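> First, the structure itself, so that you have it in front of you.
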Amino acid sequence: MPMPADLLDGGLWRRETWERRTTAERLELWPHASKAMGIDCPKLELATFYYPTLGISIRGVRATENIRSAELVCRVPKLSLLSAFTIQNSSLSPLINEVGLRSAMAVFLIRESARRESFWMPYVKALLEAHPTDGIPQMWDPVTSQERLNSLSNYSRSLAASSRASTEAEWRRLAAVGFRRHAAALSEGGVCGAGVCTHEQLMRETFSLERFRNLVSVLGARQWSLPWYSPGTHILFSAPGADLLNHGSPGDVKNRFRANEHAFTMHAKRLLRKGEEVRKFYSPTCCERYLNAFGFAPVGVAQCPSHAPQGPNPCYWRPGSPRPRALGVE
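The opening position of the sequence shown corresponds to residue 1 in UniProt numbering, with each subsequent residue numbered one higher.
So this is what it looks like as structure tokens:
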């Protein structure tokens, strides 16, 4: 596919033409957009994989050629990583202290996707908006999804309720103060046409609670925390394209931020054969926290300690019995 005409000087992409595309068309364009962003994943391509334990097909990444052990799998330059550095160098930097880094990232990406053109348009439109959130418990409405919530243990329900309440509290802080204080910055790039958005437009339309909660949950399921430039200092960030890998244990790639290259890199931990799905290890956390963050739990992951479940428990099943389907169990 040739590079589309909606790529402007300076690496900006038009919102209008991205929004006219279907999800499939956006995904097809992503490899070309990622190259324009300086992202290099030379032997990877998007693919769909059927997971029998989940009973569904999900999007992932496979090798287009054999990848040797220790060979580069993917490289994302610092300027294409979504991090505190990104927000601090934008007009929305005060939001980090007001609502926290992840929420500030969500607001930043919503703003960027609503502009007439943005460097971040492909990442939001092709990848983040296509990320399914139905399995993430904080997205379950307590009124309309009570049956699904009741299928969880008490501890899992409390985690979901806590995550939902925290996200809503951050949005309420934005609605009460942030949308007025930062109206001009939130309106940059023609978000509401030629002028500054009204408080009502920001709260009800562009930065609605539903959209904010959706993006916060997606970022929570896709981000890394890795050492940055200073030894012992970790930073939260998203790596567009590299974050498409599904979970696998022990994982096929080694993740690292290379300060000398100013880039996030993935290198193969073993020989990856052509056509094979390439996966990464998500987290060493326990089962209920896996469910809460990612909407699934890997087979064999331990139940969280000191939380004997009361009621249904998706983190435990007897051999030979059907696995719980309240959430996906990989």
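Cβ atoms here follow ideal geometry from the backbone N, Cα and C, with glycine treated the same way.
Note that the structure is predicted; figures quoted are calculated from it, not measured.
Exposed or buried, N214, counting other C-beta atoms within 10 Å across all chains shown (16 or more means buried)?
buried
> Look up E98 in the DSSP assignment and say whether it is helix, strand or coil.
helix
> Could you name each continuous alpha helix (DSSP H) segment of 4 residues or more that falls completely within the stretch 258-290, going from the start of the chain to the end?
Entirely contained in the stretch 258-290, not one alpha helix (DSSP H) run reaches 4 residues.
> Who are the near neighbours of Y282 in its chain, counting only those whose CB is closer than 7 Å to its CB and skipping five residues on each side?
H247 and F294
> From which residue to which residue does the beta strand (DSSP E) around G60 run?
Counting along the chain, the beta strand (DSSP E) containing G60 begins and ends at I56 to A63.
> Tell me the rounded alpha-carbon separation between R62 and H182.
42 Å
> For R256 versus T265, is the C-beta spacing smaller than 8 Å?
Closer than 8 Å, so yes.
> Grouping DSSP H, G and I as helix and E and B as strand, with all else coil, what is V191?
coil
> Taking all protein chains shown into account, do 16 or more other C-beta atoms lie within 10 angstroms of the C-beta of Q138, making it buried, or fewer, making it exposed?
Around the beta carbon of Q138, 16 or more other beta carbons lie within 10 angstroms, which makes this residue buried.
> If I87 and S80 are in contact, beta carbons under 8 Å, what's the gap, nearest whole angstrom?
In this structure I87 is not in contact with S80, their Cβ atoms being roughly 14 Å apart against a cut-off of 8 Å.
> Exposed or buried, what is Y229 when buried is set at 16 or more other beta-carbons lying within 10 Å of its beta-carbon?
exposed
> Could you name the residues of the same chain whose beta carbon sits closer than 8 Å to that of F179, not counting the 5 residues immediately before and after it, in chain order?
L186, H199, L202, M203 and F207
> Can you look up D252 in the DSSP assignment and give me helix, strand or coil?
coil
> Within 10 Å of its beta-carbon, does V177 have 16 or more other beta-carbons around it, so buried, or fewer, so exposed?
Only exposed fits V177, as fewer than 16 other CB atoms lie within 10 angstroms of its CB.
> Per DSSP, which one or two residues make a beta bridge with F49?
I58, per the DSSP bridge assignment.
> Report the three-state DSSP secondary structure of S83 (helix, strand or coil).
strand
> Quick check on this structure: which residue in H262, A126 and E98 has the alpha carbon closest to the alpha carbon of L27?
A126
> What are the boundary residues of the alpha helix (DSSP H) that includes P305?
Unbroken run through P305: none, as it is neither H nor E.
> Could you check the C-alpha separation between E288 and V299 for me, to the nearest Å?
13 Å
> From this set, C74, V143, G55 and M37, which residue's C-alpha is nearest T64's C-alpha?
C74
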